[in-house]
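**Student:**
In the working numbering, the protein residues as written are 5 to 736.
1) Quick check on DSSP: helix, strand or coil for residue 616?
2) Per DSSP, what are the beta-bridge partners of residue 269 in this structure?
3) For residue 118, count neighbouring Cβ atoms within 10 angstroms of its own Cβ and tell me buried if that reaches 16, exposed if not.
4) Looking only at its chain, what residues have a beta carbon closer than 8 Å to the beta carbon of residue 355, apart from the 5 residues adjacent to it on each side?
5) For residue 284, I'd like the list of residues in its chain whose CB is within less than 6 Å of its CB, leaving aside the five on either flank, ordered along the chain.
6) Note down the Cα distance separating residue 633 from residue 425, rounded to an integer number of angstroms.
7) Let's test the definition: count the other Cβ atoms within 10 Å of the Cβ of residue 67 and tell me whether it reaches 16, buried, or not, exposed.
8) Residue 669 and residue 653 - do their beta-carbons sit closer together than 7 Å?
9) Can you round the beta-carbon distance between residue 3 and residue 610 to whole angstroms, since I take them to be within the 8 Å contact cut?
10) By DSSP's criteria, residue 302 is part of a beta bridge. Which residues make up the other side?
11) Taking only the alpha-carbon atoms, compute the straight-line gap between residue 409 and residue 686 and give it to the nearest angstrom.
12) Just to check my reading of the structure: residue 438 and residue 533 have Cβ atoms closer than 8 Å, yes? What is that Cβ distance to the nearest angstrom?
13) Over the uninterrupted beta strand (DSSP E) stretch that includes residue 423, give me the two end residues.
14) If you compare alpha carbons, which of 508, 487 and 155 is closest to residue 498?
15) Would residue 675 and residue 404 qualify as a contact pair, given that the criterion is a beta-carbon distance under 7 Å?
16) Do you know offhand how far residue 648's Cα is from residue 656's?
17) Suppose you measure from the CA of residue 233 to the CA of residue 332; what does that come to, to the nearest Å?
18) Comparing C-alpha positions only, which one of 208, 443 and 554 sits nearest to residue 525?
19) Using a Cβ-Cβ cut-off of 6 Å (strictly less than) and excluding sequence neighbours within five positions of residue 52, which residues of its own chain qualify?
20) Might you give, ordered along the chain, the residues of its own chain that have their beta carbon closer than 6 Å to the beta carbon of residue 661, omitting 5 neighbours on each side?
21) Give every residue of the same chain whose Cβ lies closer than 8 Å to the Cβ of residue 289, excluding the five residues on either side of it in the sequence, and list them in chain order.
22) What are the residues that DSSP puts in a beta bridge with residue 436?
23) Which runs of the beta strand (DSSP E) fall wholly inside the stretch 551-591 and span at least 3 residues, in chain order?
24) Could you give the distance in angstroms between the alpha-carbon of residue 456 and the alpha-carbon of residue 489?
25) At the level of alpha carbons, what is the spacing between residue 240 and residue 230?
26) Of the residues 541, 379, 601 and 519, which one's Cα is nearest the Cα of residue 503?
27) Between which two residues does the beta strand (DSSP E) harbouring residue 489 extend?
28) Evaluate residue 572 with the Cβ neighbour count: other Cβ atoms within 10 Å of its Cβ, from every protein chain shown; 16 or more gives buried, anything less gives exposed.
29) Helix, strand or coil for residue 26 per DSSP?
30) Between residue 168 and residue 138, how many whole angstroms is the CB-CB distance? I'm expecting something under 8 Å.
31) State the Cα-Cα distance for the pair residue 545 and residue 244, rounded to the nearest angstrom.
32) I'd like to know whether the C-beta atoms of residue 84 and residue 207 end up nearer to each other than 7 Å.
33) According to DSSP, is residue 535 part of a helix, a strand, or is it coil?
34) Tell me which same chain residues have a C-beta within less than 7 Å of the C-beta of residue 495, skipping the five on either side of it?
35) How should residue 445 be labelled, buried or exposed, when 16 other C-beta atoms within 10 angstroms of its C-beta is the threshold for buried?
36) Tell me which residue opens and which closes the alpha helix (DSSP H) that residue 451 is part of.
Next up, the structure:
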């Protein structure tokens, strides 16, 4: 396919198949996405495409097929390159004879008819070999009662060639006014050469636009070192199964997703998140296929393989996005459906007007204007305006850890005015940490922490894990315990060296007979800050306390400030109590807080905002926030790259920091801006170019546009649209 008219025709053919609900065809990726109302044999869809003069096959999401498509794009570029080189080699002597014949001594002595015959001989292989694609394509669609960009080029160059051949071969049949008029072999040759050059540059630019997929495919290892009873064995990645134990050495790519069993390392996860700093990994930590082991060796157990890995999901989402359409494309599609027939009609009217009203000799003027109108019309740029920008924008997003579902997701950005942020795991880290401590006389912080950890290391409660983590950070030795007993909602106790250690709430400690002062100043301060108090007692004596809080992610305050600067109202939505929620909101600069909301009620809160006329972006962790993400006008899931729910949102952030929301919005806006710029250039070429090609300036300044210049402008329009889209690769 070469233009928007091709796209429209294939879409119409697919849409006419009974059982097809919707068909969307993408010019830049040469893919059709078909939504079925009922199950259909794939052969029916392929036959529908073949009836329009094209070929089709089913595409799977396996890496091998994606690589095959990339190879096909490379072959397309080489094919255009070979044809352009042949066309250019034949065009140069044709131009020399046509334009320099009267000026160069060597060429001046060649008779005009002989010069014309030489040009004819040179132009025949140019059209038959280098330009045959235009004529074959035009014939295919003509057989099915349609027309496309190939039709315009074939009619334009064919008219110039046939008229010139007639002038050279049958000069006696022409009127005296036409016998000495120049032939148009150079016009036909230059048009084909320039359009081939444009298609070659366009194919190269489209290849650059799809580099994101190639990079992702390149992240997939080919083999894995699996531990067998007889030792380590290197096997193809396709043969790895869930539960295999895999060994990874320094510098190697991690083959599949899994959990580390033994060993420590730092892993480069920039492929996922765009973050260049390696992440430390230890036993129990998750690793993702395609990331790079930078330092130590380790073994891990495979948990996800093949199409279930995070990398395979990312490739699937990016491919889907790059093959999607933005709603703004509907205008272009509507125009494209009638574009070529309208252009042919305008060209015929132009020819007739020049024959009726033009100066003598009228026929050469009429033919020149006819060819120029056909050639300058450019549905190519119209068809490339949206898909190339989406391809580059979504690809750049993937490189930065931003997965954008497609054109519709991009376009939603322009209307939203309210950002709703989940608190836990979005603004905060989602894991409590010990932030404050107090001790009684005779006990130090490390001693209190050690005794508390001795009890809590046997518990799976998040607060217990926070105590143990703090103890490990300070390298405090945890004493041995016996007789562990937990009271859910109150605390836990165990024996250390014959003494009962209790860790929990003050009320519970009092009920157990622990001597607790009537007032502890730190408690009121911690509660005002939204922190959770936790106290430690040895037998009946209180020895200290600590406060745990879900701490703010490092970039959250900056991200919230940036969202305000972008013009959004920012609201925090959380199930926490008012006091704790307000404390977090104050730290990051959020003024509007909705607290005490259960996960099942979050979608209703989003709906309430929408009833007020707001267009809402919901930002959550993609798991318990899924209903709210679906209810919002635009859902953004924020995750760590391993537990991310890709299917739950319009945009998925592979990095866990909130600033990714700002980056996603800025990238979406920039991509939309590129689409609108592309449409401007695509339309302006035709709005200005077609009237000039028809000769509207001739009565005023005596100017009639050369078909060669028209061909150059047409080729440049497509290249300029793709080049403008490629600027998105520089997005930071």
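From the three backbone atoms N, C-alpha and C, an ideal C-beta is built for every residue, glycine too.
**Tutor:** Walking through what the data contain:
1) Translated into positions along the chain shown, residue 616 becomes position 612. Here residue 616 sits in coil by DSSP.
2) As a first step, residue 269 is located in the chain shown; it is residue number 265 there, counting from the start. Answer is 285.
3) The count along the chain shown starts at 1 and reaches residue 118 at position 114. Exposed, since its Cβ has fewer than 16 Cβ neighbours within 10 Å.
4) Here the question's residue 355 lines up with position 351 in the chain shown. Cβ within range, chain order: 370, 371, 373 and 374.
5) Within the chain shown, numbered from 1, the residue matching residue 284 stands at position 280. Around residue 284: 270.
6) In the chain shown, residue 633 corresponds to position 629, counting from 1. In the chain shown, residue 425 corresponds to position 421, counting from 1. If I take the Cα positions, the gap works out to 11 Å.
7) Position 63 of the chain shown holds residue 67. At residue 67 the pLDDT is 48, less than 50, meaning the model places this residue with poor confidence; the figure from the coordinates comes in the next sentence. So residue 67 counts as buried.
8) Numbered from its first residue, the chain shown carries residue 653 at position 649. Numbered from its first residue, the chain shown carries residue 669 at position 665. It is not a contact, given that the beta carbons lie outside the stated cut-off.
9) The displayed coordinates of the chain run from 5 to 736. Any statement about residue 3 would go beyond what the structure contains.
10) As a working mapping, residue 302 is identified with position 298 in the chain shown. Answer is 252, bridged to residue 302.
11) Against the chain shown, residue 409 aligns to sequence position 405. Against the chain shown, residue 686 aligns to sequence position 682. Looking at the two C-alpha atoms, the distance is approximately 25 Å.
12) The residue labelled residue 438 in the question sits at position 434 within the chain shown. The residue labelled residue 533 in the question sits at position 529 within the chain shown. Actually they do not touch by this definition, with Cβ atoms about 14 Å apart.
13) Indexing the chain shown from 1 puts residue 423 at position 419. Run containing residue 423: 422-426, per the beta strand (DSSP E) assignment.
14) Start at 1 with the first residue of the chain shown, and residue 498 comes out as number 494. Comparing Cα-Cα distances from residue 498 to each of 508, 487 and 155, the minimum goes to 487.
15) The residue labelled residue 675 in the question sits at position 671 within the chain shown. The residue labelled residue 404 in the question sits at position 400 within the chain shown. Contact: no.
16) Against the chain shown, residue 648 aligns to sequence position 644. Against the chain shown, residue 656 aligns to sequence position 652. Unreliable placement is indicated for residue 648, whose pLDDT of 44 sits below 50; no coordinate value is reported for it.
17) On the chain shown, position 229 is the one that residue 233 refers to. On the chain shown, position 328 is the one that residue 332 refers to. Looking at the two C-alpha atoms, the distance is approximately 59 Å.
18) Counting from 1 along the chain shown, the entry for residue 525 is found at position 521. It is 443 whose Cα lies nearest to the Cα of residue 525.
19) Locating residue 52 in the chain shown gives position 48, counting from the first residue. These residues qualify, in order along the chain: 17, 18 and 21.
20) Here residue 661 is taken as the residue at index 657 of the chain shown, counted from 1. 557 and 559.
21) For the purposes of this step, residue 289 is identified with residue 285 of the chain shown, where counting begins at 1. Contacts found: 263 and 264.
22) Counting from 1 along the chain shown, the entry for residue 436 is found at position 432. In DSSP, residue 436 forms a bridge with 554.
23) 573-577
24) Within the chain shown, residue 456 is the residue found at index 452, counting from 1. Within the chain shown, residue 489 is the residue found at index 485, counting from 1. Going by the C-alpha atoms only, they are around 14 Å apart.
25) Position 236 of the chain shown holds residue 240. Position 226 of the chain shown holds residue 230. Distance between the alpha carbons of residue 240 and residue 230: 10 Å.
26) Taking the chain shown and counting its residues from 1, one reaches residue 503 at position 499. Nearest C-alpha to residue 503: 541.
27) To locate residue 489, count along the chain shown from 1; it is residue 485. Looking at the DSSP string, the run of the beta strand (DSSP E) that includes residue 489 is 486-491.
28) Here residue 572 corresponds to residue number 568 of the chain shown, with the count starting at 1. Residue 572 comes out buried.
29) Numbered from 1 along the chain shown, position 22 holds the residue referred to as residue 26. Strand.
30) Within the chain shown, numbered from 1, the residue matching residue 168 stands at position 164. Within the chain shown, numbered from 1, the residue matching residue 138 stands at position 134. That pair is no contact at about 17 Å.
31) As a working note, residue 545 is residue 541 in the chain shown. As a working note, residue 244 is residue 240 in the chain shown. Straight-line Cα distance between these residues: approximately 57 Å.
32) Sequence index remark: in the chain shown, residue 84 carries index 80 (1-based). Sequence index remark: in the chain shown, residue 207 carries index 203 (1-based). Cβ atoms of residue 84 and residue 207: closer than 7 Å.
33) As a position in the chain shown, residue 535 is number 531, starting the count at 1. Coil.
34) Position 491 of the chain shown, counting from 1, holds the residue named residue 495. Closer than 7 Å at the Cβ level, and outside the excluded window around residue 495, lie 506, 507, 508, 509 and 512.
35) As a first step, residue 445 is located in the chain shown; it is residue number 441 there, counting from the start. Residue 445 should be labelled exposed.
36) The residue given as residue 451 occupies position 447 in the chain shown. 449-460 is the extent of the alpha helix (DSSP H) around residue 451.
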